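J.:
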Amino acid sequence: MGASRRTYLAGLGSATLGALALTGSAAAKGHGRGRGPPSGKRRGFPPAGITEWGDAYAIGDGEISTFASVTPSGEPKYLGVHFSEGALHELPYAEAFESGEATGRKVHGFWSKPFSLDFPSSAPQPFEYAALGWNPQGHTPEDVYDKPHFDIHFHFNTPETVRQIGPGVIEDLPSDVTPEGYELIEGGAVIPAMGAHLAPTDAPEFDGAEWLDTLIWGAAAVDGDDAYELNFLEPMITVDYLENHLDGAHSEPISQPEIYPQAGHYPTTYTVRDLGDGGYAAVLADFDERDG
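Here the sequence shown is numbered in our numbering, starting from 29 and rising by one per residue.
(1) So, helix, strand or coil for residue 59, using DSSP?
(2) Thinking residue 88 and residue 115 are a contact (beta carbons under 8 Å), I'd like their distance in whole angstroms, please.
(3) Restricting to Cα atoms, I'd like to know which of 291, 304 and 297 is closest to residue 320.
(4) When we look at the beta-carbon of residue 97 and count the other beta-carbons within 10 Å, is it buried (16 or more) or exposed?
(5) Exposed or buried, residue 250, counting other C-beta atoms within 10 Å across all chains shown (16 or more means buried)?
(6) Candidates 252, 145 and 149: which alpha carbon is nearest residue 78's?
(7) Looking at residue 166 and residue 174, is the spacing between their C-beta atoms short of 8 Å?
(8) Quick check on the DSSP output: what are the complete alpha helix (DSSP H) runs of length 4 or more inside the stretch 241-272, in order along the chain?
(9) Tell me the residue span of the alpha helix (DSSP H) that contains residue 189.
(10) Under 7 Å Cβ to Cβ from residue 157, same chain only, skipping five residues before and after it: list those, please.
(11) Report back the beta-carbon spacing between residue 307 and residue 110 to the nearest angstrom; my notes put them in contact at under 8 Å.
(12) Restricting to Cα atoms, I'd like to know which of 172, 259 and 248 is closest to residue 21.
(13) Opposite residue 150 in the DSSP bridges: which residues?
(14) List the endpoints of the continuous alpha helix (DSSP H) containing residue 127.
(15) Is it a yes or a no for the stretch 256-263 touching the stretch 229-236, going by three-plus beta-carbon pairs under 8 Å?
(16) Considering only DSSP beta bridges, list what residue 85 is partnered with.
(17) At the level of alpha carbons, what is the spacing between residue 159 and residue 309?
(18) In this structure, how does DSSP classify residue 23 when only helix, strand and coil are distinguished?
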């Protein structure tokens, strides 16, 4: 990474990506509805016989739902967020928020609609709930993440614990906690009720390339002390990517740390799937059991 790019990343202030804490209501894991698949056509994913559905949120002309798939032997297979057919249609944009037609929050000049969804009870530890945000104008930093997109936080802690995360700055995250090939951005700013953000060191959007999709790691002192640990995984996915660039399924390996925040099953693959007339899915898969 060039020096100019490092300077740019280090200089991003707290008014950058994730500045809106996604603190919509959500109960602890296991309070999802355990319902059947969402309405609309499906194309075999996620697999019906081994999948449990969590909560759903109506948006656009569809809904967004959580799901977890477990093998017959009890091993986690998929954990994901599903966008039904129509979920990307008639989404509320800035004009709807400004007029009061839609409800949301405006932070640093950008509108966002945050909401949280429980995972089903079969979701693997350490995953507790999903906190999402629809960002019709994107968010800062401008000219990087200012495109209409969804933030999808897969949190490792309960909503009550996440709400206790206060503001601050992580000046130096231990190398054994930092996933390989990742670095703190936003100057290490800790967003209240969320955490700090780490992005791939080779993320092309910071070198002027068109941004479509990025997988972020999060870190915070979740116990109220100075011991920083990883506390979420966050796909950030543009509507443009889903509608105009994604063809079938795109998978990439998830960079791993040396030390994990707690014992549980951690994914090693991240996939975005175009399900045709069945919608879209952001999926964590290929779980490895790790000690905390």
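We put the beta carbon where it would ideally sit given N, CA and C, even for glycine.
Please read all numbers here as calculations on a predicted model, not as lab measurements.
T.: Quick look at the numbers:
(1) Translated into the one-based positions of the sequence shown, residue 59 becomes position 31. With a pLDDT of 47 at residue 59, under the threshold of 50, the modelled position of this residue cannot be trusted, and the question is left open.
(2) Locating residue 88 in the sequence shown gives position 60, counting from the first residue. Locating residue 115 in the sequence shown gives position 87, counting from the first residue. Correct: roughly 5 Å between the Cβ atoms.
(3) Here the question's residue 320 lines up with position 292 in the sequence shown. With distances taken between Cα atoms, residue 320 lies closest to 291.
(4) Against the sequence shown, residue 97 aligns to sequence position 69. By the 10 Å Cβ count, residue 97 comes out buried.
(5) Along the sequence shown, read from residue 1 onward, the residue named residue 250 stands at position 222. Residue environment for residue 250: buried (at least 16 other C-beta atoms within 10 angstroms of its C-beta).
(6) Mapped onto the sequence shown, residue 78 falls at position 50. Cα-wise, what sits closest to residue 78 is 149.
(7) The residue labelled residue 174 in the question sits at position 146 within the sequence shown. The residue labelled residue 166 in the question sits at position 138 within the sequence shown. Yes, these two residues count as a Cβ contact at 8 Å.
(8) none
(9) Taking the sequence shown and counting its residues from 1, the one referred to as residue 189 is at position 161. First-last of the alpha helix (DSSP H) with residue 189: 187-191.
(10) Locating residue 157 in the sequence shown gives position 129, counting from the first residue. Only 54, 57, 144, 145, 146, 147, 183 and 187 meet the Cβ criterion.
(11) As a first step, residue 307 is located in the sequence shown; it is residue number 279 there, counting from the start. As a first step, residue 110 is located in the sequence shown; it is residue number 82 there, counting from the start. That pair is a contact at about 6 Å.
(12) Nothing can be reported for residue 21, as the shown portion of the chain is limited to 29 through 320.
(13) Here residue 150 corresponds to residue number 122 of the sequence shown, with the count starting at 1. Beta-bridge pairing links residue 150 to no other residue.
(14) Against the sequence shown, residue 127 aligns to sequence position 99. Unbroken alpha helix (DSSP H) run through residue 127: 122-127.
(15) no
(16) As a first step, residue 85 is located in the sequence shown; it is residue number 57 there, counting from the start. In the DSSP assignment, residue 85 forms a beta bridge with 92.
(17) Here residue 159 refers to the residue found at position 131 of the sequence shown. Here residue 309 refers to the residue found at position 281 of the sequence shown. Cα-Cα distance, rounded: 15 Å.
(18) This structure leaves residue 23 out entirely; the chain is present only between 29 and 320.
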